[in-house]
Every structure is written in structure tokens, then in C-alpha cells.
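Peer 1: These protein sequence lines map, in sequence, to chains S and U. Per our numbering, the very first residue in the first sequence carries number 507; after that it's consecutive. Per our numbering, the very first residue in the second sequence carries number 47; after that it's consecutive. The structure follows.
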Amino acid sequence: MESSQSARDVIREGDFVVLKRENVFKAVQLQRRKKIIFEKQWIYLDNSIQQFYGSTFEITGGGNLQPKRKLEESNAETKEAGADNRNIVDDGKSQKLTRDDIEALKEKGIKGQEIVQQLIENSTTFRDKTEFAQEKYIKKKKKKYEAVLTILKPCARILAMMYYGREPGKICQLRYDTLAQMLTLANIHAGSKVIVMETCAGLVLGAVMERMGGYGVVIQMYPGGGPVRAATDCFGFPESFSDTLHEFPLSKVNSLLSRKYSPEISSVGPNDKLSPEETSNGCLSRQQMAEKEFGSEMVLETNESEAQEVTEVSTGELENQDSQDQRNAKDKKDNEERKKKQDEKRKKEMQAAALLREKNADGLIIASRFHPASLLLALLEFVAPSRPFVIYCQYKEPLLDCYTKLREMGGAVNLRLSETWLRNYQVLPDRSHPKLLMSGGGGYLLCGITVTKENARLDTSGLDVQKTEEPARKKQKVEEFQS
Amino acid sequence: MSFVEYGEFMKEGDTAIVFLGHDSMFPVKLQHGAQTQTKYGVIRHSTDLIGKRYGSKVTCSKGGWVYILHPTPELWTMNLPHRTQILYSTDISLITMMLELKPGSIVCESGTGSGSLSHAIIRTIAPTGHLYTVEFHQQRAEKAMEEFKEHKVDHLVSVKSQDVCKSGFGVVNIADAVFLDIPSPWEAIGYAKSALKMQGGRICSFSPCIEQVQRTCQALEAHGFTDVDTLEILLRVYDVRTISLQTADLGIAAEDESSAGLGQSAVCSNPTQRTLQFKSAVTPREMVGHTGYLTFATKSLF
């Protein structure tokens, strides 16, 4: 147990890892001799294999990595610093090194650390700057010239921060603290049976699976041809986790609820053909999807990466052509394989249907680009009484609808519409304050707890009176106030 | 039931939550023969509760009714007997995610306090993780252990009664995460570091005052922690209300007004006064403006 634990802390080929530089993250799958672009630099990750997760590396010439030990900050020389900036004039001449000089230094392959030192030595104003200003100067230059990166093991914290920073549009602007609230409010834990409906690239699904640790059941409800799990794949879950994961098409929820469900109706239909790579047919296509996900941003960063993408694609196509050469033989095989996959898919769908039909799920999480009201009312049918549910929406108005409808239908108590604000702080001696920028919004949550539903709604005493959303007295007050 | 496993039916010995209405609930321990008083009358455990389904509506003696809910760490946080100030679910959520807790995690915590965070941690790290929690107040430590037993989670937690700043957590190199909620966390950073695994781990310290944060950050840096990050999370709760606003009389005839585009939402018209209704998410007049600063950091390899 202990040895397997430590074995998992070593970076291995094929692992899904997260690269970190400053506060920028990027998720990649580690492959030998594979060029990766990160923060405008080409990198080969080969040298990180067999190192521990959390290791920091320096990027050397040719994009190789070199393990970096902690620096002995040798600022032994007596520090000289000014008291204020009354005599510092911005004449643009304080740096004696020219652009070309710096470029030359870089080309010689001189370490970033030394370049920074040279910049300091050649700055006429450095000594007159205050101690704080000196620190800030060094920090800024270090950021620019010292190319270091840390390789981290993926987890919900890192991936949620990464997605919110890089591609908030893909996760409906779900900020990481909001995701954290969802997991807690829905009481996600090992051994439960959870229904997840998300269009957040599989990030919410991954976060739920991480909290369940491979114990229990997750049923992902998906729109369209198949579930999107690009972000889920980045977690690098062990194979065993996939046994706990089920999926069911949203388009069949209604027939399942009205007991007219049959897996045969449309699973052979156009959905499969429409987007074959969207369906989760085995490991290969999942990898391709993960690449697709991050491919788009790589293109943004540079054209070269596009070229790389193309070569990758074309090798894939070559293989395809290979198969086309022996068409007759393989076509049959392909058909068989497709049929096998469809059968497999149908079998999984029926399993998921059976799980849903028990109507005893322990929780429901919704975070999608769709209007949540109809989703909520339909999916809540599958949840057992006295279980929490959470709905995320980027906007609060649709959640007002959900709230009103839940009140009309009954079957839920302790409803709460909320939002969290997140504030970051700079904490430094004598310079502590909230960070300049904070996020404007991370979405809204509606949460509640299911209860047994009355057959006929009773408008009797007790709860209802105090629960009506708008006590008569208050209504009057508002009106009085207006008049 | 237990706090780490859902049960369908209420059993003797269970802790259940009696839900009377929003912001009005309390925990109750189910016992044959016992009775619980509510403002809607009495509930008899043997006949009204035990054997019933969680989430059921239970009619009290005076005809009013309540719902009985399955306990969760979040409901417990809202209902537990306070022995100290406690952490609420908003902070707990962020702590759980930022400490990267999951099934199997080994966690150190101090102080145990009223056990609000402890229950949430135990829920998340079950069934294979463990919580080592340290509380220097003897009575509080004992009370916490009693509660863990009652909630059937005592196999997942060890409570030690000692001063974490003087004696540490009593474990070395086994934790994936450490949480500190004590008045002088900077004095415990060294012990936190040695409690964490060799390969590293995460730490969080909760402090209400910025001066405490300052000293903690300094201690963290001095002990070689990296990625030191201080956060604050605030919860905004909204009331969902239907609001009616009167429309001003501009001397326009009623028919013209509705054609002017104002008639979209429900209009309650009477001869003299016209009002427009809309749904709104109303912020309460007061909200919690500050609980504490959360400082996170990573113990790295070297």
C-alpha cells in the first residue's frame, strides 16, 4: 500500500499532468519526444519522467527540462536602497544594456538568472529605488527571463483554476470557488449515487468523480450524441473509476419517465453517425478529444503548433488509408467493430436506465448552458427524498424560475439562491492589501433538499404559512413604501 | 444512517434533522419511547419516526407538520451545539477543494472546536482516509469524540488533547493536508510541516485578523512552503420575491400604456392605481461581511 502510494507520486510516461508557470496552468498528456508549447516556449517533457510530482524545472536550450534545486539567494552584499523616488527621473536611459545586448545574452544561452543580475548591475537607478521597488523590479525581470515550470498532479483545484483562467467560456464561467460550493452543498462523497448534468467540458463530472474516489455510482446525463469529457480525462483517473461511471442521453429522459423507454429506438439512429468522435468509444477517442480541446488554444498561441496538429492528423489519416487499401477485409471488420461498440453502448445505456429507474439517487448536480428549469424538474424525479441537489447557472434569472416552479410543485425544502464572492490578497510585510483585480462573477447556485411529495398539494397550516415566499405583510409594506 | 453513508429509513440511535421551516430546524437523536417537542406539538419517536423514510412529512400532535431530514455535515453545521466559534459551509467548501481532499486523504486539524469542519472532512475522506484532530481543551476534545461515536464516524478520526503549538499533531510524515484554526498558527507551522508527507502536501490556516495572516505567511515562507495564497470568500444569499411597483401617472390612457411595452409583465390594474410585477432576487439588508482569511500553501519537495 505504502509503496504503491509513493509510486503514484512519480511522473510517468502517458500520465496526464499539469504544467504551471507563475499562475498559468496547462494540462497535457506526457509523451516522449513530443513538443509542447507553453507560455510561448517549446518544451520537451522527457526529462521529467521518473521525477516527483511537484518538481520544478528550468527550461534549457532546445526546450529540455532540467531539475531545479532551491536557489540560495546570495544577496550577501550589503543592500543599498533609497528612501523615496524624489530624485528618480524617467528619462528612459537608466538601463545601459540595449535591446540588442539583451538579445545577444539570450542567444549565448546565458542563464536567465544571470541576465537578471546583469540588468540590475546596468540599471543606474536601481540603487536609488526603495527596497520595495527593488524587490518588485527583480520579481518582474525574473518572471521575464527565468524560464521555470512546475509539473503538478492534476486535481479539481488545479483544473478548475486552469479552466477558469484559460477557457471560462467552455465551463459556463463557473468559478472554482463556486464549483467548491457545489460539491459541498450536494454532499458529494464516496459511496453515493449521483446524477450529473453538465456542459462544462466534463470538469464538474471530474470533480464529482474525484470526491467519490471510485466508490459509488455517477450517472452523467448528456445532450446530443455523447458526453463531453475532455476535462474529465485531464484528471487521469485510474481505469477502475470508469466502472462507476454511466451515461444516459437527455433526449430519452422523457420516455424513461413515462415508462415508454426502449434503448432500441434511436441508438442506431443518426446520433451515432453525426458525431462519432464525441461518443466515448474507448481510450483512443478520449485522448483525441483531450487533444482537440487544447489544440484550439495551441493554434491561438502560434502557427507552428498548427503545423504540428496537422502532422498528427495526417499520420492518423495515413493509418486510415492503410486500412482502406485492404478494404474488403477490413470493411467487414470495421462494421463488426462498430456493431460491437453500438451493442456495448446500448448495454451501458440500459444499465444507466435501470439505475435511474430506481429513482433513488443520492444527489443531483446541474451545470449547463441550457435553461435549468425543465432539466431540474425532470431529473429531480430520479432523486430519493432527503437528498441535496444543486443547480448552477451563469445568470440568476433562470434560477428564479426554478425556485418558483419548485415552490409550486413541492417536493423540495430549504431552497437557497446564492452567490459567492472571492477576494485575493497580497500579503507582504507592510504591503498587505486586497489584490487589484477580482473576479466580477462566478455564477449563481440554487440548492435545496428533496422531500416526499404530497399527492395532492395541501394548503394547510404549519409550514406553508411561514414558507410562502411572500408574506402578505411584507407585500403590503412594499406597496406602502412605494406610495 | 451515518454521516458518511446515506440510509433510507430512520433507525434507533440515528441523528435526524427536524425541519420546521427555513432557518428553523434542530437535530434529534432517535430513541424508542422518546418524545420531541416542537411548536406544532409533540413527535413520538417510536410511532412517528423510527421505521419511516427520511424526507417524510410527519404530523405533530397539534396537527402541524415537519419534515425529517437525513443528516449531512452541512445540516449538522447549521444545527450543532456551539462550544466555540465555528466554520460555516462556505469556507469549508473552499478549504476542502483547495486542500485537495478526497477519499483516502490523511488530514491533520487543529483545533477541533465544535467539530463543524471535522464532520465535513470526515465525510470527504471516507472510507479510506483518516483525520487526526488536536484540541487543547480537554472537555471539548472529549465532547467531540462522543459526537463522532454517535454519528458512527469514530473509526475515521482520532482526537488528541494537547497543545498543537507545543506538541504538534502527534503524527509525522503521513498527512496529505493540514488545517489550522488557532489563535497563533505561525507557532504551529513547523509541526504542520513535519506532519505532512515527505513528498509534500497542502496546508490551510484560517485567521480572522490580517496581522495573524501576516505572521503566518512569514512563517510559511521561512519553512519553505510555496504558492502561499491568501483568499477570502463571501456568501451572498438572495431572497426570491415578487415585487410590484406602481407605475407613475403620466396622464396616459391605460390602453396606450400597455401598447407602450409596459404590459409585458403581469399588470394588476385598478381604476386609479396600476402596478407592474416582476420576480427579483433581493439581497438581505445585512450580510456576513467577514469570517476569516484563508491562507493556503504547498509543501514542496525541496
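We put the beta carbon where it would ideally sit given N, CA and C, even for glycine. The structure displayed is predicted, hence computed values, not measured ones.
(1) For His752/S, list the residues DSSP reports as bridge partners.
(2) At a CB distance below 7 Å, what residues from the stretch 235 to 257 of chain U approach chain S? Give them in sequence order.
(3) Which residues mark the beginning and the end of the beta strand (DSSP E) in which Asp275/U is found?
(4) Run the CB neighbour count on Gly598/S, radius 10 Å, all protein chains shown included, and call it buried at 16 or more, exposed below.
(5) Using a Cβ cut-off of 9 Å (strictly closer), state whether Met143/U contacts chain S.
(6) Which whole runs of the alpha helix (DSSP H) in the stretch 225 to 252 of chain U are 4 residues long or more, in chain order?
(7) Can you confirm whether Lys198/U, when its beta carbon is compared against all beta carbons of chain S, has any partner nearer than 9 Å?
(8) Exposed or buried, which one is Arg765/S when buried takes at least 16 other CB atoms within 10 Å?
(9) Would you mind reading off the limits of the beta strand (DSSP E) that contains Tyr950/S?
(10) Span of the beta strand (DSSP E) holding Gly869/S?
(11) Would you say Asp227/U and Leu163/U are within 9 Å of each other, going by their C-beta atoms?
(12) In chain U, what lies closer than 7 Å to Asp683/S by C-beta?
(13) Check for me: the alpha helix (DSSP H) holding Gln258/U runs from which residue to which?
(14) Taking 9 Å as the CB-CB limit, is Lys642/S close to chain U?
(15) Going by the CB atoms, is the gap between Ile249/U and Phe271/U shorter than 9 Å?
(16) With DSSP collapsed to three states, give me the class of Ala62/U.
(17) Where do the ends of the alpha helix (DSSP H) carrying Ser346/U lie?
(18) Going by DSSP, name the residue or residues bridged to Gly87/U.
(19) What does Phe194/U reach in chain S if we use C-beta pairs closer than 7 Å?
(20) Could you tell me whether the stretch 951 to 958 of chain S touches the stretch 885 to 897 of chain S, where touching means 3 or more Cβ pairs closer than 8 Å?
(21) Closer than 9 Å, CB to CB, is Lys902/S near chain U or not?
(22) Mind pulling the chain U residues with CB within less than 9 Å of Cys899/S?
(23) Relative to the C-alpha of Ser346/U, which residue among Val523/S, Lys541/S and Ser561/S is closest?
(24) What does a CB cutoff of less than 6 Å around Ala692/S pick up in its chain, not counting 5 residues either side in sequence?
(25) If we cut at 9 Å on Cβ distances, does Val919/S have a partner in chain U?
(26) Keeping to the same chain, check which residues put their C-beta closer than 6 Å to that of Arg633/S; ignore five residues upstream and five downstream.
(27) So, with DSSP's three-state summary, where would you put Lys851/S?
(28) Taking its Cβ as the centre, do 16 or more other Cβ atoms sit within 10 Å of Pro755/S, making it buried, or is it exposed?
(29) Per DSSP, which residues does Pro660/S bridge with? Please list them.
(30) Can a CB atom of chain S be found closer than 9 Å to the CB of Asp275/U?
(31) Between Gly568/S, Thr604/S and Lys635/S, which has its C-alpha nearest Arg592/S's C-alpha?
(32) What is the DSSP secondary structure of Ala221/U, counted as helix, strand or coil?
(33) Helix, strand or coil: which one does DSSP assign to Gln572/S?
(34) Which value, in whole angstroms, describes the spacing of the CA atoms of Lys649/S and Leu763/S?
(35) For Ile701/S and Ala867/S, I'd like the C-alpha separation in whole angstroms.
(36) Any idea which residues DSSP pairs Cys211/U with across the strands?
Peer 2: On the basis of the supplied data:
(1) Position 246 of the first sequence, counted from the first residue, corresponds to residue 752/S. The partner list for His752/S (beta bridge, DSSP) reads Ile725/S.
(2) Gln245, Gly246 and Ile256
(3) The residue given as residue 275/U occupies position 229 in the second sequence. From DSSP, the beta strand (DSSP E) with Asp275/U extends over Phe271 to Gln292.
(4) Here residue 598/S corresponds to residue number 92 of the first sequence, with the count starting at 1. Per the 10 Å Cβ criterion, exposed.
(5) Here the question's residue 143/U lines up with position 97 in the second sequence. Yes, contact with chain S.
(6) 235 to 241
(7) Numbered from its first residue, the second sequence carries residue 198/U at position 152. No - not a single Cβ of chain S is within 9 Å of the one on Lys198/U.
(8) As a first step, residue 765/S must be located in the first sequence, where it is residue number 259. So Arg765/S ends up on the exposed side.
(9) Locating residue 950/S in the first sequence gives position 444, where the first residue counts as 1. Residues Tyr950 to Thr956.
(10) Counting from 1 along the first sequence, the entry for residue 869/S is found at position 363. Gly869 to Ala873 is the extent of the beta strand (DSSP E) around Gly869/S.
(11) On the second sequence, residue 227/U is found 181 positions in, with the first residue counted as 1. On the second sequence, residue 163/U is found 117 positions in, with the first residue counted as 1. For Asp227/U and Leu163/U, yes; Cβs fall inside 9 Å.
(12) Here residue 683/S is taken as the residue at index 177 of the first sequence, counted from 1. In chain order: Leu140 and Ile279.
(13) For the purposes of this step, residue 258/U is taken as the residue at position 212 of the second sequence. Per DSSP, Gln258/U belongs to the alpha helix (DSSP H) from Ile256 to Ala268.
(14) Your numbering for residue 642/S matches position 136 in the first sequence. So, not an interface residue.
(15) Residue 271/U sits at position 225 when you count from the first residue of the second sequence. Residue 249/U sits at position 203 when you count from the first residue of the second sequence. Yes, Cβ-Cβ distance for Phe271/U and Ile249/U is below 9 Å.
(16) Looking up residue 62/U in the second sequence gives position 16. The answer is strand: DSSP assigns Ala62/U an E or B state.
(17) Walking along the second sequence from the start, residue 346/U turns up at place 300. Segment: none, Ser346/U is in no alpha helix (DSSP H) and carries neither H nor E.
(18) As a working note, residue 87/U is residue 41 in the second sequence. Partner(s): Thr84/U.
(19) By one-based count along the second sequence, residue 194/U stands at place 148. Neighbours of Phe194/U on chain S: none; closest Cβ ~16 Å, over 7 Å.
(20) yes
(21) Numbered from 1 along the first sequence, position 396 holds the residue referred to as residue 902/S. Judged by the 9 Å Cβ criterion, Lys902/S is in contact with chain U.
(22) Residue 899/S sits at position 393 when you count from the first residue of the first sequence. Per Cβ cutoff of 9 Å: no residues; Cys899/S is ~12 Å from chain U at best.
(23) Here residue 346/U corresponds to residue number 300 of the second sequence, with the count starting at 1. Nearest C-alpha to Ser346/U: Ser561/S.
(24) Taking the first sequence and counting its residues from 1, one reaches residue 692/S at position 186. Here the set comprises Gly869, Ile871, Pro894 and Val896.
(25) Translated into the one-based positions of the first sequence, residue 919/S becomes position 413. Closer than 9 Å: yes.
(26) As a first step, residue 633/S is located in the first sequence; it is residue number 127 there, counting from the start. Cβ within range, chain order: Glu586.
(27) By 1-based counting over the first sequence, the position of residue 851/S is 345. Looking at Lys851/S - three-state DSSP - the assignment turns out to be helix.
(28) What you label residue 755/S is simply residue 249 of the first sequence in a count that begins at 1. By the neighbour-count rule (16 or more Cβ atoms within 10 Å), Pro755/S is buried.
(29) The residue labelled residue 660/S in the question sits at position 154 within the first sequence. DSSP output for Pro660/S lists no bridge partner at all.
(30) Here residue 275/U refers to the residue found at position 229 of the second sequence. Judged by the 9 Å Cβ criterion, Asp275/U is in contact with chain S.
(31) As a first step, residue 592/S must be located in the first sequence, where it is residue number 86. Residue Lys635/S is the option with its Cα nearest to Arg592/S.
(32) Locating residue 221/U in the second sequence gives position 175, counting from the first residue. Ala221/U falls in the strand class under three-state DSSP.
(33) In the first sequence, counting from the first residue as 1, residue 572/S sits at position 66. Strand.
(34) For this step, residue 649/S is matched to residue 143 along the first sequence. For this step, residue 763/S is matched to residue 257 along the first sequence. Taking the straight line from one Cα to the other gives about 57 Å.
(35) As a position in the first sequence, residue 701/S is number 195, starting the count at 1. As a position in the first sequence, residue 867/S is number 361, starting the count at 1. When rounded, the distance between both Cα atoms is 7 Å.
(36) Locating residue 211/U in the second sequence gives position 165, where the first residue counts as 1. Answer by DSSP bridge pairing: none, since Cys211/U is not bridged.
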